[in-house]
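J.:
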Amino acid sequence: MTEKSRAQRLIGDLAPKLAQLTDDVLFGDVWARPGLSPRDRSLITVTSLVTQSRPEQLHGHLGRALDNGVTEDELVEAITHVAFYAGWPAAVSAVGTLRAVLEERSRA
3 MTEKSRAQRL IGDLAPKLAQ LTDDVLFGDV WARPGLSPRD RSLITVTSLV TQSRPEQLHG
63 HLGRALDNGV TEDELVEAIT HVAFYAGWPA AVSAVGTLRA VLEERSRA
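Just remember that the numbering used here sits 2 ahead of the position in the sequence shown, which is counted from 1.
1. Could one say the Cβ of S108 lies closer than 8 Å to chain D's Cβ atoms, at least one of them?
2. Using a Cβ-Cβ cut-off of 7 Å (strictly less than) and excluding sequence neighbours within five positions of V72, which residues of its own chain qualify?
3. When the distance is taken between beta carbons, is L38 closer than 8 Å to A96?
4. Of the residues V32, S7, Q54, D31, which one's Cα is nearest the Cα of P88?
5. Using only CA atoms, which one of I81, A110, A102, E58 lies nearest to V12?
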């Protein structure tokens, strides 16, 4: 038996096609394209999610960004930078989400 992907665990029971597209197209194709490194894709994705105030998705992508080599300092700097474009509430919420991710990782 193969291990379920994160998408399969989060939404596969209710939206199996969306989970499949997430696995096959988004992470299997888009994230695998050679034009940008996974690190750069993570930084772009995190800043995009901050600007859209998407804390649920941001949480997972902050962890992915750290795994892909983006440092804590770089994430804080990116959030601070986009505060002027996304708005202060979005940035403050993003810092709270980053804090939660870092705390979870320190306990693991």
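Ideal placement from N, C-alpha and C gives every residue a C-beta, glycine not left out.
T.: In this structure, then:
1. Included in the structure is just one protein chain, with no chain D present.
2. Within the sequence shown, numbered from 1, the residue matching residue 72 stands at position 70. Result list for V72: R41, S44, L45, in chain order.
3. Here the question's residue 96 lines up with position 94 in the sequence shown. Here the question's residue 38 lines up with position 36 in the sequence shown. Against a cut-off of 8 Å, the Cβ pair of L38 and A96 comes out as no contact.
4. Within the sequence shown, the letter at position 86 stands for residue 88. Correcting the residue type first, residue 88 is Ala in the shown sequence and not Pro. Cα-wise, what sits closest to A88 is Q54.
5. Stepping through the sequence shown from its first residue, residue 12 is reached at position 10. The amino acid at residue 12 is misidentified as Val; the sequence shows Leu. For L12, the nearest C-alpha among the options comes from E58.
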